[in-house]
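**Student:** Take a look at this one; I'll ask things after.
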Amino acid sequence: MIPRPLAPMILSVLVGCVSSPNLTPDDVRDLTHVVIVDFFSRYSPQEWPHIYVTDEYLGASLDSAFLARLPTDSVPTSLATRADVEVSPDLIVGGALLLQPSRPVPSTDVRAIPNAPGGGVDEVLTFTSTSDFGGAFEYHLERSLGGWRIRRITVLWQA
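My numbering applies: residue 5 is where the sequence shown begins, and numbers increase by one.
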């Protein structure tokens, strides 16, 4: 039996463990892969002459093996920094697409905690191409037996 004064502290430690999963660089790459694959299920990669992916704010390095796993339908895909490919904040060189995933953070969605044995995370994917196309989606993901699954997507902004 847990003494009454310690019960709230133990509960908060347990909730903290569940809601703050320890993410390895491989976890971050796996999460980001799930997010980008979902993005390409909504928008065809064929809409752009080139796709750039940046890992500037991701907290894990991406490489050519990561890019090869993306469903880009033979559209040239490269790693780049925003500074390398932007003409202006809302315009990417040659009408290409820049995908800018952010570092996954512990989920703020308390509904994800009971159903996620490894905890939930949120990851924002910002995308930019032209002044007519860009935006940011916040993905709420949870760990499942086969990896990560998307629980919900919030459109933060879109043009």
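Glycine included, every Cβ here is placed at the ideal spot set by N, Cα and C. Treat the numbers as computed from the prediction; the structure is a model and nothing was measured.
With distance defined between alpha-carbon atoms, name the residue in T36, A100, S106 nearest to V50.
**Tutor:** Mapped onto the sequence shown, residue 50 falls at position 46. The question names Val, but residue 50 in the sequence shown is Gln. For Q50, the closest C-alpha among the options T36, A100, S106 is that of A100.
**Student:** In its own chain, which residues sit with a C-beta less than 6 Å from the C-beta of T130, not counting the 5 before and 5 after it?
**Tutor:** Along the sequence shown, read from residue 1 onward, the residue named residue 130 stands at position 126. Non-local beta-carbon contacts of T130 in its own chain, meaning distances under 6 Å to residues more than five positions away in sequence, involve Q104, A140 in chain order.
**Student:** Assuming Y143 contacts V79 (C-beta within less than 8 Å), just tell me the rounded distance between them.
**Tutor:** The sequence position of residue 143 within the sequence shown is 139, counting from 1. The sequence position of residue 79 within the sequence shown is 75, counting from 1. In fact, because the Cβ distance is near 22 Å, the residues do not count as touching under 8 Å.
**Student:** Could you give the uninterrupted runs of the alpha helix (DSSP H) lying entirely in the region 43 to 91, keeping only those of 4 residues or more?
**Tutor:** 68 to 72, 86 to 89
**Student:** Note down, in chain order, each residue of its chain lying with its Cβ closer than 8 Å to the Cβ of G98, except the 5 sequence neighbours on either side.
**Tutor:** Within the sequence shown, residue 98 is the residue found at index 94, counting from 1. The beta carbon of G98 sits closer than 8 Å to the beta carbons of P53, H54 from its chain, once the five residues preceding and following it are set aside; these are given in chain order.
**Student:** Report all residues from its chain with a CB closer than 8 Å to the CB of D126; omit the five preceding and five following residues, and keep chain order.
**Tutor:** For the purposes of this step, residue 126 is taken as the residue at position 122 of the sequence shown. Same-chain partners within the cutoff: P108, V109, P110, S111, T112, D113, E142, Y143, H144, L145.
**Student:** T158: buried (16+ other C-beta within 10 angstroms of its C-beta) or exposed?
**Tutor:** As a first step, residue 158 is located in the sequence shown; it is residue number 154 there, counting from the start. Its Cβ having fewer than 16 others within 10 Å, T158 is exposed.
**Student:** Quick one: give me the first and last residue of the beta strand (DSSP E) that S148 is part of.
**Tutor:** Counted from its first residue, the sequence shown places residue 148 at position 144. Annotation: the continuous beta strand (DSSP E) that includes S148 extends over 137 to 148.
**Student:** In angstroms, rounded to a whole number, what distance separates the CA positions of L102 and S68?
**Tutor:** The residue you call residue 102 lines up with position 98 of the sequence shown. The residue you call residue 68 lines up with position 64 of the sequence shown. So the two alpha carbons sit approximately 16 Å from each other.
**Student:** Near A64, what residues of its chain come up, given a Cβ to Cβ distance below 7 Å and the 5 sequence neighbours on each side ignored?
**Tutor:** In the sequence shown, the residue the question calls residue 64 occupies position 60. Cβ neighbours of A64 beyond the five flanking positions: P29, V32, R33.
**Student:** DSSP on R107, reduced to helix/strand/coil?
**Tutor:** In the sequence shown, counting from the first residue as 1, residue 107 sits at position 103. The answer is coil: DSSP assigns R107 none of H, G, I, E or B.
**Student:** Bridge partners of I40, per DSSP?
**Tutor:** Along the sequence shown, read from residue 1 onward, the residue named residue 40 stands at position 36. According to DSSP, I40 bridges with nothing at all.
**Student:** So the candidates are L95, R153, L149, A72; which of them puts its Cα closest to the Cα of A163?
**Tutor:** Here residue 163 is taken as the residue at index 159 of the sequence shown, counted from 1. Of the residues L95, R153, L149, A72, the one whose Cα lies closest to the Cα of A163 is L95.
**Student:** Going by alpha carbons, who is nearest to T85 out of Y56, P75, A72, R73?
**Tutor:** On the sequence shown, position 81 is the one that residue 85 refers to. Ranking Y56, P75, A72, R73 by Cα distance to T85 puts Y56 first.
**Student:** Using DSSP with H/G/I as helix, E/B as strand and the rest coil, what is L35?
**Tutor:** Here residue 35 refers to the residue found at position 31 of the sequence shown. Three-state result, L35: helix.
**Student:** Counting C-beta neighbours from all protein chains within 10 Å, is the total for G138 16 or more, i.e. buried, or is it exposed?
**Tutor:** Taking the first residue of the sequence shown as position 1, residue 138 is located at position 134. Label assigned to G138: buried.
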